[in-house]
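Numbering (the numbering used here), first residue to last: 12 to 296.
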């Protein structure tokens, strides 16, 4: 069960969203290492499938925001540079770090929170296998978000391939599978009931959300934090289903959610939240 991730009871677990993306380029091994160094309990990554059926760690359908794909002359014919339009060897050549150094999206380079930022230039988009090996070797559990491939070639196979990779590396107890595409969660339950699953939701809650998650056999419910109120968290706790909420970046809201009794806060700022929540003296409702 997902509760095997829990190492303490006094405060919610901290999940490093796409790694510690406020101090390193998101969904890279550099971000995973930063999340680990910050003391996060586990980290979250996103999985896309390439044109040749390989699994890479990347959030957006297109590669332009967090790589230099659009300025690679040899890739011009592949615009708008969708992850599933490029082969793995093409994606591996991309620079997935310079954008972070140049844009300083969280202002952490300007404040000096990022040490040696130029060392982040040229980092690669990792494969899922590489990310899982890092997690396994560092005893750092991981929440794998399966990006929605509906209408794309990977739709029928992405879940199966992820499960094969997790099993090959002997990591079912270190992985939580989550997705906004709940059909993938049903498929995962069928193929690998031993791997826990988390139901991602945003915008609005499903009807009878606790029963909905239970019917999916979910170990966890992953709502946008704006959807949570104390009575809902209590209902999930009573049903034995963890509540891991995203993306929580404000300390006041973190304290409110901790008081509700959420199991984990998924945040871009694990380096700040870990020491902050360790000092929190509230009691879950």
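Ideal Cβ positions, reconstructed from N, Cα and C, are used throughout, including at glycine.
Legend entry - Rounded straight-line distance, which links the Cα of residue 102 to that of residue 56: 17 Å
Inset, instruction - Decide if the region 119-134 is in contact with the region 86-93; the criterion is three or more beta carbon pairs, one per stretch, under 8 Å apart. - result: no
Legend entry - Cβ-based neighbour list, residue 14, same chain, cut-off 7 Å, excluding 5 preceding and 5 following: A caution first: residue 14 carries a pLDDT of 49, below 50, which makes its placement in the model too unreliable to give a value.
Inset, instruction - For residue 96, I'd like the list of residues in its chain whose CB is within less than 6 Å of its CB, leaving aside the five on either flank, ordered along the chain. - result: 62, 89
Inset, instruction - Round the Cβ separation of residue 54 and residue 289 to the nearest angstrom and send it over; I've been treating them as touching at under 8 Å. - result: With a Cβ gap of about 18 Å, residue 54 and residue 289 do not count as contacting.
Inset, instruction - Work out the CA separation of residue 273 and residue 114 for me, nearest whole Å. - result: 33 Å
Inset, instruction - Rank 259, 131, 205, 234 by C-alpha distance to the C-alpha of residue 40 and give the top, closest one. - result: 131
Inset, instruction - Within the region 75-155, note down every full alpha helix (DSSP H) run reaching 4 residues or more, in order along the chain. - result: 99-103, 109-114, 139-148
Legend entry - Cβ separation of residue 28 and residue 291, assumed to be a contact under 8 Å, to the nearest whole Å: That pair is no contact at about 19 Å.
Legend entry - For residue 188 and residue 208, believed in contact at Cβ under 8 Å, the rounded distance: 5 Å
Inset, instruction - Compute the beta-carbon to beta-carbon distance between residue 107 and residue 134, rounded to the nearest angstrom, for a pair I have assumed lies under 8 Å. - result: 5 Å
Legend entry - Helix, strand or coil at residue 189 according to DSSP, with G and I counted as helix: strand
Legend entry - Chain-order list of residues whose beta-carbon lies under 8 Å from that of residue 12 (same chain, five-residue window excluded): Here residue 12 scores only 39 on pLDDT, less than 50, and its place in the model is too uncertain to base an answer on.
Inset, instruction - Consult DSSP for residue 171 and reduce its assignment to one of helix, strand or coil. - result: helix
Inset, instruction - Going by CA-CA distance only, name the one from 178, 174, 215 that's closest to residue 196. - result: 174
Inset, instruction - Classify residue 100 as buried or exposed, calling it buried when 16 or more other Cβ atoms lie within 10 Å of its own Cβ. - result: exposed
Legend entry - Distance between beta carbons of residue 186 and residue 157, contact taken as under 8 Å: No, residue 157 and residue 186 are not in contact; Cβ-Cβ is about 11 Å, not under 8 Å.
Inset, instruction - Locate the beta strand (DSSP E) running through residue 208, then write down its first and last residues. - result: 208-212
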